[in-house]
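Inspection log for the structure reproduced underneath, given as structure tokens.
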Amino acid sequence: MSEHFARDNRRENDRSGERRNHSGSRGRTGSGEGRSYSKRDGSRDPRDNRGRRDERTDRRDRDDRNKRGARGADRSNSRGRFEEEEKQSRNSKHFRSAPRRQGYREERMERKENDPDLPEGLDVAELDPLVWQDLRVLSKGNAEAVGKHLLMAADLIDDSPELALAHARAAKGRAGRVAVAREINGVAAYRNGEWKEALAELRAARRIGGGPGLMALMADCERGLGRPQKAIELSRSEEARQLDQESRIELAIVIAGARQDLDQHDSAVLTLERVNPDSNGSGMSAVRLAYAYANALALAGRTEEAKEWFTHTVEMDGEELTDAAERLTELG
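The structure is reproduced here in structure tokens:
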């Protein structure tokens, strides 16, 4: 899975700069908002990447996150204590399980029967250690099944996003209380343009796992749902102050797009200037920011400055991952 499952080609005037998805990919394909879910995802950091993303760049450091139930040994230990207390409660004569609707068990079994097939030879050892740690709250067999679906979702997200979403949903169906399963479901839904589902899953992942979550993706989902003002409000939240620099850049790119949705082009430029575009920067986040800034300047009618920043982007983008050169040609 590319680091951040990139966004679809929904808006032509909201290009993020990535050649394969220059309409505004906020995440994760090269964006920085995702985390690494498997050891093969060297370019992405799903959890802290949100920082690379999850990776999680987006999230605060592990010590800070532990205050809200971070994903670390502390969290897994507290989870273990919770499960032990729950087990004791279930053994109590006073325990009454919550009522389940009629047909719940049958629906659950049917969902599992309809899960996408898993190829032979998948090794859950390929999962990022932090992801596997999150799955340890499950039974061994279920953890392995969930882990394999997560691996498939990660591997398929770029080439077969619909199948990746099917695997992500299967993982979520088996591990609905595990943050990483909800997060990957959210990211895969995002890549498929399922904005409502993506937003719900990313919110659930944040609620379970703590930290600010994948805020850039959540904000972009609000845009996809036609609510750019909601996206802007997210950027003013307390959680937004917890983001690391890379995640702040990703969020700023999305918020600039939201401003452009509202035809507030000068405000879009100011939004990006607050995260300090650097013509001498390095790394994909710096490239994406330079591109977004150039695009914002162009939309604001500041053509000469836009040409200057598209030129900087071309110089910074040694792998030619963006279409900055083409945009520069278009501007003359």
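With full-length UniProt numbering, the residue at position 52 of the sequence shown is 52, and numbering never jumps. Beta carbons are placed, not taken as given, at the ideal position from N, Cα and C, and that holds for glycine.
Look at Leu243 here: in three-state DSSP terms it is coil, with no helix or strand label. With a cutoff of 8 Å on beta-carbon distance, Gly147 and Val178 are scored as not near each other.
With contacts defined by Cβ atoms closer than 8 Å, Ala154 and Tyr37 form a contacting pair. Bounds of the alpha helix (DSSP H) holding Asp220 are 215 to 224.
In the structure shown, the three-state DSSP call for Leu138 is coil. For Leu151, the three-state secondary structure derived from DSSP is helix. Cβ-Cβ distances below 8 Å link Leu299 to Asn13, Gln260, His265, Ala268 in the same chain, with the five nearest sequence neighbours on each side left out; the list follows chain order. Around the C-beta of Arg182, 16 or more other C-beta atoms lie within 10 Å, and the residue is accordingly described as buried. In this structure, Thr313 lies away from Val275, with their beta-carbon atoms at least 8 Å apart.
Spanning the alpha carbons of Arg327 and Phe310 requires a straight line of approximately 7 Å. Per DSSP, the unbroken alpha helix (DSSP H) holding Thr313 starts and ends at 303 to 316. Cα atoms of Arg174 and Val131: separation of roughly 15 Å, rounded to the nearest angstrom. In this structure, Ser235 sits near Ile255, with a CB-CB distance shorter than 8 Å.
Bounds of any alpha helix (DSSP H) do not take in Arg274, whose DSSP letter is neither H nor E.
Annotated three-state conformation of Pro119 is coil, per DSSP. Taking Met316 as reference, the option from Asp278, Lys307, Gly332, Thr303 with the minimal CA-CA separation is Asp278.
For Pro228, the three-state secondary structure derived from DSSP is helix. By the C-beta density criterion, Ser247 is buried, having at least 16 other C-beta atoms within 10 angstroms. Met218 sits close to Leu199, with the two beta carbons spaced by under 8 Å. Taking each of Asp263, Gly257, Gly283, Glu120 in turn and checking the Cα distance to Gln245, the smallest one comes out for Gly283. For the region 145 to 206, the full-length alpha helix (DSSP H) segments reaching 4 residues or more read 161 to 174, 179 to 191 along the chain. A straight-line Cα-Cα distance of about 27 Å links Ala166 and Glu250.
Taking the CA atoms as reference points, Asp134 sits about 48 Å from Arg302. When secondary structure is reduced to three states using DSSP, Ala300 falls in the coil class, being assigned neither helix nor strand. Here Ala145 has Arg174 as same chain residues with Cβ atoms under 7 Å from its own Cβ, once five neighbours each way along the sequence are excluded. Asp128 sits buried, since 16 or more C-beta atoms from the chains shown fall within 10 Å of its C-beta.
Rounded to the nearest angstrom, the Cβ distance from Leu270 to Ala292 is 13 Å, too far for a contact under 8 Å.
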